[in-house]
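Position 56 of the sequence shown, counting from 1, maps to 56 under full-length UniProt numbering, and the rest follow consecutively. Backbone N, C-alpha and C fix where the C-beta goes; we use that ideal spot for every residue, glycine too. Please read all numbers here as calculations on a predicted model, not as lab measurements. Just below is one structure, and these are the notes that go with it.
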Amino acid sequence: MTKDARPPLSPLPPLNLGLSSTANREFKFTQQDFERVKKLIYDYAGIALNDSKHDMVYGRLAKRLRAHNFNTFQEYLVLLERGNEAEWEAFINSLTTNLTSFFREAHHFPVLLEHLRANKPAGTLNIWCSAASTGEEPWSLAITAAEAFDSLRPPVKIISTDLDTSVLKTAQAGVYSADKVDKLSPQQLSKFFNKRADGQFEVKAELREMMSFRRQNLIDPMWSVRGPFDAIFCRNVMIYFDRPTQLKILERFAPLLKPNGLLFVGHSENLYHAAHLFKLQGKTVYALEKR
Ligand SMILES: C[S@@+](CC[C@H](N)C(=O)[O-])C[C@H]1O[C@@H](n2cnc3c(N)ncnc32)[C@H](O)[C@@H]1O
């Protein structure tokens, strides 16, 4: 074959660098569509999306358009605005950010352990994990409670809630791949988990006895969760809310805490705007201002 007789090269497929270029989009997603989405999620969940989330929102909701065989965001938004319940659930689950890990912000756990021991009760200690995501946080609380009382059945109850029904299912299942549990010590793994034939780690049945899981939207006017709690964990969710929404939630947390209860918040959250309610007790740990 001469040089000139070589077959033509087939064109290279376009490089997918994970960048969502507006021009290459499958669906048209205008600023007006984005504003409608922003209003819906803000009104329902208090989540304040800023303009940097435009591409993220497009990527996550494009899947919902495909699921319905819709051609436009208008069709999809009309479905939501008409109140289609199943789609609302999928919409919310698509737009929440669920990043979490076992013993995230590790400095909180020794504080909790000491707090539980110091309040060793006549009755049961109660903890609310209010943005539990896929469960790594509440199971870390359960492990801490077990370690505090050196028992797989400590006198502790943990209620875990989240807005997102899909992550709550994962939380409740309590089954994690090896990479998710790699921050745990070998002793914690063998004490609190069973290794399954598929290589995943499943929390032990005894630990489950202290746990309950339920959906709770923190901005709902009524909460099904009742105190009083020895500790409330509300970590890395208030960053999604604006200040007035944060304040409303904090005003509702205060009466649910026992007089010496503790509120644990995320590393980038502070309660300066709620100084009349909570005072700093340690790094991102708060106590009631008035007991
Ligand atoms: C980034 S995760 C944080 C998980 C865990 N607290 C941690 O710190 O690792 C935020 C969680 O807040 C939940 N969330 C967002 N808005 C909520 C709301 N209005 N009510 C309850 N949960 C909400 C999301 O579904 C998500 O699982």
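Following the DSSP letters along the chain, one finds E202 in no alpha helix (DSSP H) but inside the beta strand (DSSP E) bounded by residues 201-203.
The alpha helix (DSSP H) runs lying completely inside the region 97-183 and spanning 4 residues or more are 108-118, 136-148, 165-173, given in chain order. Membership of Q281 in any alpha helix (DSSP H) is not indicated; the residue belongs instead to the beta strand (DSSP E) covering 278-282.
When the beta-carbon positions are compared, E136 and L113 stay at least 8 Å from each other. Between D33 and F73 a beta carbon distance of about 4 Å is seen, short of the 8 Å cut, so the two are scored as contacting.
Nearest Cα to Y58 within the set A254, T134, K39, Q31: Q31. Under the criterion of beta carbons closer than 8 Å, P221 and K258 do not qualify as touching, at roughly 24 Å. The beta carbon of F103 lies closer than 7 Å to those of F109, S140, K183 in the same chain, with the five residues before and after it left out. In this structure, L256 and F278 do not form a Cβ contact; the two beta carbons are roughly 12 Å apart against a cut-off of 8 Å.
Look at N126: its beta carbon is at least 7 Å from all of the heavy atoms in ligand 1. In terms of Cα proximity to I159, the closest of E81, C234, H267 is C234. Remark: C-beta atoms of D162 and R117 do not approach each other more closely than 8 Å. Closer than 7 Å to some heavy atom of ligand 1: that describes the Cβ of I47. The way I'd put it, the region 239-247 does touch the region 266-274; three or more beta-carbon pairs between them come closer than 8 Å.
Counting along the chain, the unbroken beta strand (DSSP E) around N260 starts and ends at 257-265. N217 and A45 have their C-alpha atoms roughly 7 Å apart. Put simply, the backbone Cα of K28 is about 8 Å away from that of T22. Here A86 is actually not in contact with R64; their C-beta atoms are around 11 Å apart, not less than 8 Å. In the DSSP assignment, I249 falls outside any beta strand (DSSP E) and lies within the alpha helix (DSSP H) extending over 243-253. Leaving aside the five residues that flank E202 on each side, the residues in its chain whose CB is nearer than 7 Å to its CB run, in chain order, G174, V175, F193, N194, R196.
For F213, the beta-bridge partners assigned by DSSP are S160. For N270, the closest C-alpha among the options S101, H276, L280 is that of L280.
For L65, the enclosing alpha helix (DSSP H) stretches over residues 54-68. 8 Å or more divides the Cβ of I219 from the Cβ of F253. Closest in C-alpha terms to T96, from the list S212, K180, L168, comes L168. In the DSSP assignment, no residue is bridged to N236. The Cβ atoms of V156 and T124 sit closer than 8 Å to each other. Shortest gap from the CB of N50 to any heavy atom of ligand 1: 7 Å or more.
Per DSSP, A287 lies in no alpha helix (DSSP H) segment; the continuous beta strand (DSSP E) that holds it begins and ends at 285-288. Remark: the C-beta of G261 is outside contact range of ligand 1, defined as less than 7 Å to any heavy atom.
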